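In my numbering, the protein residues as written are 87 to 479. Shown next, in structure tokens, is the structure this report addresses.
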């Protein structure tokens with residue numbers, strides 16, 4: 087009797103425990119549901135309309151969200167999602183359904199880890215994670231094979247994330263205001279990288295591996311503790327180099343096309359511009375001299391050709407100066423009777439002293455007279471008629 091009584095009491099206690107667990111689970115579910123309802127109820131004015139608009143761009147920045155509204159995960163048409171400046175610590179796994187996303191901005195939140203769902207958005211080209219509480223980046227980030235731009239500035243990253251090596255399209259990396267002291271020696275494996283922002287870290291020497299990254303166009307090392315810079319002339323693609331707020335007095339040697347920003351840069355740029363101006367003027371003067379020399383050669387060539395034509399016609403330019411002798415209009419036809427005509431494939435050349443006939447007419451030097459082809463042909467006919475009359479005589 088006593089045993090059965092104790093057994094009954096034990097069963098009751100067990101049943102009570104189960105009931106308590108179920109009650110806790112139900113309470114948690116209810117609480118979670120209430121939280122979702124609360125989040126949905128807190129949606130700012132106009133957000134509902136944004137959800138229903140069908141716009142591929144959704145901007146929920148600076149709305150004080152602690153959780154991403156659940157309806158966002160159902161907007162499968164989204165291409166750009168901005169949720170900057172909220173109080174998000176993570177994202178729901180359902181965000182991975184947004185496979186059309188190309189731009190995701192999560193900066194200025196309270197994230198300590200990159201949400202797992204983000205690493206499944208394989209079409210992302212731009213990802214903004216700046217001003218959070220990140221210390222590392224997850225290995226799964228290498229899934230983002232289309233990523234071209236990554237901003238992780240103003241976090242707590244202490245070592246360069248090697249996961250980025252496996253992102254073949256990454257061109258722009260913003261990793262300033264972190265806690266980097268060195269860069270890995272094989273960083274040059276990131277061959278696609280064109281812009282690298284390393285400002286506000288803890289470098290006290292220039293990372294030599296950067297000298298092997300010949301594709302870099304922008305390099306920013308502001309606000310570090312680098313006291314000496316090597317020559318950067320080997321970085322032939324470099325267009326902007328910033329070294330401001332480092333303990334140096336003058337910029338390093340760079341290519342002539344590079345814009346530099348930092349202590350002493352203004353004076354350096356002025357001197358370089360003055361030098362380039364001198365070089366430009368010297369080049370212009372040389373070009374002018376070459377042009378004049380070429381023009382003189384052309385003039386001599388023309389004179390030589392004119393001399394040859396004069397010899398072929400049996401006279402010189404002095405023998406037929408149009409200023410000394412002007413023909414009356416009624417005498418021109420008679421003088422043309424004795425002219426010698428030469429024909430070629432490109433035109434007809436009529437030589438009487440300096441009378442020159444081109445294929446489309448001729449120009450008589452000394453008189454402002456021009457004859458078109460039709461009139462020229464007419465003159466030829468008259469010459470032929472004159473020739474026949476002479477033969478008949």
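Cβ coordinates follow ideal geometry from the N, Cα and C atoms, glycine included. Here the structure is a predicted model, which means the values were calculated and not measured.
Item, Value
"CB contact flag (residue 282, residue 259, <8 Å)", "yes"
"Nearest-angstrom beta carbon gap, residue 210 and residue 188 [assumed within contact, 8 Å]", "6 Å"
"Secondary structure of residue 129, DSSP reduced to three states", "coil"
"Beta-bridge pairing of residue 327 - partner residues as DSSP gives them", "305 and 346"
"Given 8 Å, three or more beta-carbon pairs between the region 262 to 275 and the region 317 to 324", "no"
"Whole-angstrom distance between residue 173 and residue 208, CA atom to CA atom", "25 Å"
"Anticipated Cβ contact below 8 Å, residue 481 with residue 266, distance rounded", "Residue 481 lies beyond the residue range present for the chain, which begins at 87 and ends at 479; the question has no answer from this structure."
"Secondary structure of residue 156, DSSP reduced to three states", "helix"
"Same chain only: Cβ atoms within 6 Å of residue 405, ignoring 5 sequence neighbours per side", "Bear in mind that the predicted position of residue 405 carries a pLDDT of just 48, short of 50, making it unreliable; the figure below should be weighed with that in mind. Cβ within range, chain order: n/a, list empty."
"Other residues of its chain near residue 329: CB distance less than 6 Å, five sequence neighbours each side excluded", "307 and 348"
"Proximity below 8 Å, CB of residue 175 to CB of residue 196", "yes"
"Cβ distance (whole Å) where residue 201 is taken to contact residue 177 below 8 Å", "4 Å"
"Cα-Cα separation between residue 373 and residue 341, rounded to whole angstroms", "25 Å"
"Cβ separation of residue 261 and residue 295, assumed to be a contact under 8 Å, to the nearest whole Å", "With a Cβ gap of about 14 Å, residue 261 and residue 295 do not count as contacting."
"Limits of the beta strand (DSSP E) - the one that residue 166 falls within", "166 to 168"
"Which listed residue (181, 220 and 216) has its alpha carbon closest to that of residue 56", "Past the edges of the chain, shown from 87 to 479, lies residue 56, and the structure says nothing about it."
"Status (buried if at least 16 other CB within 10 Å, exposed otherwise) for residue 286", "buried"
"Beta carbon of residue 243 nearer than 8 Å to that of residue 220", "yes"
"Buried or exposed (CB count within 10 angstroms, at least 16 for buried), residue 409", "Low per-residue confidence applies at residue 409: pLDDT is 45, beneath 50, and the placement is therefore not dependable, though the value from the model is reported in the following sentence. So residue 409 ends up on the exposed side."
"Beta-carbon separation (whole angstroms), residue 171 vs residue 147, contact threshold 8 Å", "5 Å"
"Alpha-carbon to alpha-carbon, residue 332 and residue 310", "6 Å"
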